[in-house]
Structure formats: C-alpha cells, structure tokens
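For what it's worth, the working numbering labels the leading residue of the sequence shown as 35, then goes sequentially.
Structure record follows, encoded as structure tokens.
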Amino acid sequence: MDNINRLLDFINHPESFSEADVEELLRDSETRKLYDSMVEAGAAFAHHDARPDVNEAWKRFSKAHTDARPSQRWRKTVAAVAALLIISGIVLAAIFWPSRSVSPLAPRNAYHTERQPIGKVVRRDTATAPAPKPTVVRTFENIQLEQMLAEMAVSYGVQVKFQNNATRLLRIYYTWSNTMPLQKVLDELNRFKQFRITLDGETLIVE
C-alpha cells in the first residue's frame with residue numbers, strides 16, 4: 035500500500051496505526067505535502083461565516099494536547115483535520131445545495147377538467163304551442179246556408195242552431211277564409227237581408 039492510501043486509511047482508522055507507523059508515514063515528503071494541503075484546506079473552510087470557528091477549536095485542541103508525545107500529536111492532528119474536512123464539506127453542501135421543496139406528484143391519470151359555459155337552450159313545449167293551421171279560402175256558391183255554416187263552425191269550434199227551418203235551405207254566394215275572425219265573418223253575413231246570425235257563447239244562432 036502506498037503512503038497516500040496509508041494516509042487515507044489512517045484518517046479513517048487511526049486506531050489501526052502505531053506511533054512508529056505514524057512517524058514513518060509523515061517522514062515521506064509527498065505524504066507530508068498532502069497533509070499540509072489538508073491543513074490549508076481546513077483553514078480555508080474555517081474563513082466562511084456560516085461554518086464553525088475552526089481556528090478557535092484548533093487552538094483549544096493544541097493547548098489541551100501540548101504535553102502529549104510527538105507521535106500522539108501527529109495522530110490526533112491528522113484525525114482532527116480529517117474530521118474538520120468532513121464537517122466543512124457538510125456545511126458547504128448545506129450552503130450551496132439547499133434542500134428544495136418537492137411538490138407531490140399528481141396522481142396518474144388525474145385530469146383537471148373545467149366545464150365550459152354553454153349557451154342557454156330555450157326549450158319549446160310542442161304540446162302547448164299548436165302548429166298554425168293551414169290557410170283555407172273557400173268560395174261557397176249554390177250551397178245551402180246550413181252546410182256552409184256547419185263547415186265554418188268546425189273551423190271556429192262552435193255550434194250552429196237555426197230558429198227557422200226555411201233558413202237552412204237558403205243559398206248564397208260567399209268567399210270565406212279560415213284566417214278571418216269569427217266576428218268579422220258574422221258582420222259580413224249579416225249584410226244579407228234573408229237571415230241574421232248572432233253568437234251566444236259557443237253557439238251561432240241563425241234567425
């Protein structure tokens with residue numbers, strides 16, 4: 035195992051190295067440079083405002099271990115630097131990569147639909163809106179009055195009652211349209227001198 039790997043192994047497992055192993059490891063120039071770089075990196079991290087005061091912690095650590103033997107100081111120093119690097123790395127990750135709130139995923143096949151306004155539909159009741167009846171124009175010529183009035187009565191929904199049987203047989207010439215109001219028809223028929231028609235409720239009275 036080369037010295038760099040041994041140094042990394044020592045950082046992770048310092049209890050596995052004896053004092054002689056530590057002294058031999060740090061006598062190597064490359065290993066010493068790596069150690070110095072680790073110390074400088076730890077000092078650089080210590081300048082960040084959001085990180086712990088590493089310099090103050092290092093001073094307290096050095097003061098508490100001034101009486102320890104050189105090999106023990108090297109071992110504890112390397113372990114402290116390694117711990118410092120780990121803590122500093124965690125602080126950096128918390129600063130530069132803050133946790134992002136993750137919105138819960140929408141359920142699959144969940145669709146949000148919105149009703150669109152639909153134009154108001156006017157409902158027509160065909161039962162209460164009778165279809166207009168076709169226009170009928172009829173010319174009565176040489177037809178008995180009884181037959182003519184019976185046909186008109188069906189169109190207007192009334193009945194016919196004759197006061198004089200002789201009047202039934204009268205024949206007149208008259209052009210009639212079913213679109214004409216009933217009262218207008220009666221006014222025109224009453225121009226004939228032979229009879230007179232009046233409306234009594236739902237019945238036409240012929241005199």
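C-beta atoms are modelled at their ideal positions from N, C-alpha and C, and glycine is treated no differently.
Quantities reported herein were computed from a predicted structural model and do not represent experimental measurements.
Contact between LEU238 and VAL194 is confirmed by a C-beta separation of about 5 Å, below the 8 Å threshold. The continuous alpha helix (DSSP H) containing PHE44 extends over residues 37-46.
When the alpha-carbon of PRO166 is set against those of GLU49, ASN39, GLU185, SER189, the nearest one is in SER189. For VAL219, the three-state secondary structure derived from DSSP is helix.
If you look at ASN199, you'll find it in the alpha helix (DSSP H) that goes 199-202. When GLU58, LEU179, ALA54 are compared, the shortest CA-CA separation from ILE231 is found for LEU179. A straight-line Cα-Cα distance of about 23 Å links GLU64 and GLU49. Bounds of the beta strand (DSSP E) holding ARG172 are 171-178. Where VAL192 is concerned, there is no enclosing alpha helix (DSSP H), because DSSP gives it neither an H nor an E.
Assigned with DSSP and collapsed to three states, SER211 falls in strand. C-alpha of GLN217 to C-alpha of MET182: approximately 16 Å in a straight line.
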